[in-house]
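Using this note's numbering, the first residue of the sequence shown is number 35, and each one after it goes up by one.
Virtual Cβ for every residue (Gly too), placed ideally from N, Cα, C.
Computed from a predicted structure; not experimentally measured.
Contents: one structure, followed by commentary.
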Amino acid sequence: EYRWTIYDDHVPFARRGIPAVDIIDFDYPYWHTTQDTPDKVSAESLERVGRLLEVWLEEILPGGDEEAAEIDLLRRLAAADDRGTLAEVLDRSVVRVPAGEFSMGDDGGPANERPQRPVYLDGFEIDRYEVTNVQYWRFVQATGREPPPYWPGDDYPPGQADVPVVGVTWEGADAYCAWVGRRLPTEAEWEKACRSTDGRTYPWGEEWDPLRANVGLFEGDVAQPRGYTEPGLVGWGDD
Numbered sequence: 035e036y037r038w039t040i041y042d043d044h045v046p047f048a049r050r051g052i053p054a055v056d057i058i059d060f061d062y063p064y065w066h067t068t069q070d071t072p073d074k075v076s077a078e079s080l081e082r083v084g085r086l087l088e089v090w091l092e093e094i095l096p097g098g099d100e101e102a103a104e105i106d107l108l109r110r111l112a113a114a115d116d117r118g119t120l121a122e123v124l125d126r127s128v129v130r131v132p133a134g135e136f137s138m139g140d141d142g143g144p145a146n147e148r149p150q151r152p153v154y155l156d157g158f159e160i161d162r163y164e165v166t167n168v169q170y171w172r173f174v175q176a177t178g179r180e181p182p183p184y185w186p187g188d189d190y191p192p193g194q195a196d197v198p199v200v201g202v203t204w205e206g207a208d209a210y211c212a213w214v215g216r217r218l219p220t221e222a223e224w225e226k227a228c229r230s231t232d233g234r235t236y237p238w239g240e241e242w243d244p245l246r247a248n249v250g251l252f253e254g255d256v257a258q259p260r261g262y263t264e265p266g267l268v269g270w271g272d273d
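Here it is, written out as structure tokens:
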């Protein structure tokens, strides 16, 4: 007798008419791993994968091509075999910054930031979250590149897998982007993405607020886990 195993988090898919059983078929290698090595796979990790799959389906399937969406998921799973876990691959989500003008520079800033002027950019996408220690670690392991100087050896500090990687050179960042099929943003793209939708000096307004940014201005400040920024702060769908 042959039976399907369906996880609890697939019940909402079934109620909405989405082929949840296909997902079990797709991620069978990961299900098999969890059955054989429960000591290496935490319940929190499995729950996170389930949430990512649900978010991915909600973004892709409504009004779209279901077959194309399934093929895209298969390709992502194939990439996961070489570049990390399923969760890491699916969590490379992006936000879309639309085409248009924005105010670049600062009249009161350093000479190379003056004058403030309108700059037009085509639309572009930028990663929703910073590159984390564990993501960069996989790159280091796969390519043999030198790890950041703040790591204790060849591994990132314990308990900081989901914290943004720091101390990376421009060359290292550029190589990482190429490895994952991306590129670094230009200065103009980065500034537009950071300035929100109306050209404010800071995403939240004109006055500096150290409680809304973690930039290491004060002793004891450290990088925060991915997703720490206040939802909706910038305005590009950064929730």
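Check, Outcome
"What did DSSP end up calling THR9 once you bin it into helix, strand or coil?", "Because the chain in this structure spans residues 35 to 273, residue 9 falls outside the shown range and cannot be described."
"So, for PHE158: in the same chain, excluding its five sequence neighbours on each side, which residues have a beta-carbon less than 6 Å away from its beta-carbon?", "VAL131 and GLU223"
"Which two residues bound the contiguous beta strand (DSSP E) that contains ASP196?", "First-last for ASP196: undefined, no H or E at that position."
"Roughly how many whole angstroms lie between the Cα atoms of PRO198 and PRO183?", "14 Å"
"Would you please state the rounded distance, in angstroms, between the beta carbons of GLY162 and SER127? I believe it to be under 8 Å.", "Checking the displayed sequence, the identity of residue 162 turns out to be Arg instead of Gly. ARG162 to SER127, Cβ: 5 Å. Contact."
"Going by DSSP, what residue range makes up the beta strand (DSSP E) through TYR154?", "151-155"
"What number of angstroms, rounded off, separates the C-alpha of TYR170 from the C-alpha of TYR210?", "7 Å"
"The alpha helix (DSSP H) with GLU221 in it runs from where to where?", "221-228"
"Do PRO219 and ALA212 count as a contact pair if the criterion is CB distance below 9 Å?", "no"
"Expressed to the nearest angstrom, what Euclidean distance is found between the alpha-carbon atoms of ALA133 and VAL153?", "11 Å"
"So, for PRO177: in the same chain, excluding its five sequence neighbours on each side, which residues have a beta-carbon less than 8 Å away from its beta-carbon?", "Residue identity check: residue 177 is Thr in the sequence provided, not Pro. Hits under 8 Å: ALA209 and TRP213."
"Can you tell which of GLY215, ASP243, GLY239 and ASP232 has its C-alpha closest to the C-alpha of ILE160?", "GLY215"
"Quick check on THR203: buried or exposed, where buried means 16 or more other Cβ atoms within 10 Å of its Cβ?", "exposed"
"Ends of the alpha helix (DSSP H) at ASP208?", "204-213"
"Out of curiosity, what's the CA-to-CA distance linking ASP243 and GLY187?", "35 Å"
"Based on the DSSP output, what are the partners of ASP232 in its beta bridges?", "According to DSSP, which records beta bridges pairwise, ASP232 is partnered with nothing at all."
"Please state whether DSSP places ARG172 in a helix, a strand or coil.", "helix"
"Nearest to GLU147 by CA position, among VAL174, ALA195 and THR235, is which residue?", "THR235"
"Report the three-state DSSP secondary structure of GLU147 (helix, strand or coil).", "helix"
"Residues in the same chain with beta-carbon distance under 8 Å from ARG151, minus the five sequence neighbours each way, listed in chain order, please.", "SER137, MET138 and GLY139"
"Whose C-beta lies closer than 7 Å to the C-beta of GLU135 among residues of the same chain, with five residues either side of it excluded?", "PRO152, VAL153 and TYR154"
"Can you tell which of TYR190, GLY143 and PRO181 has the C-alpha that lies nearest to the C-alpha of VAL168?", "TYR190"
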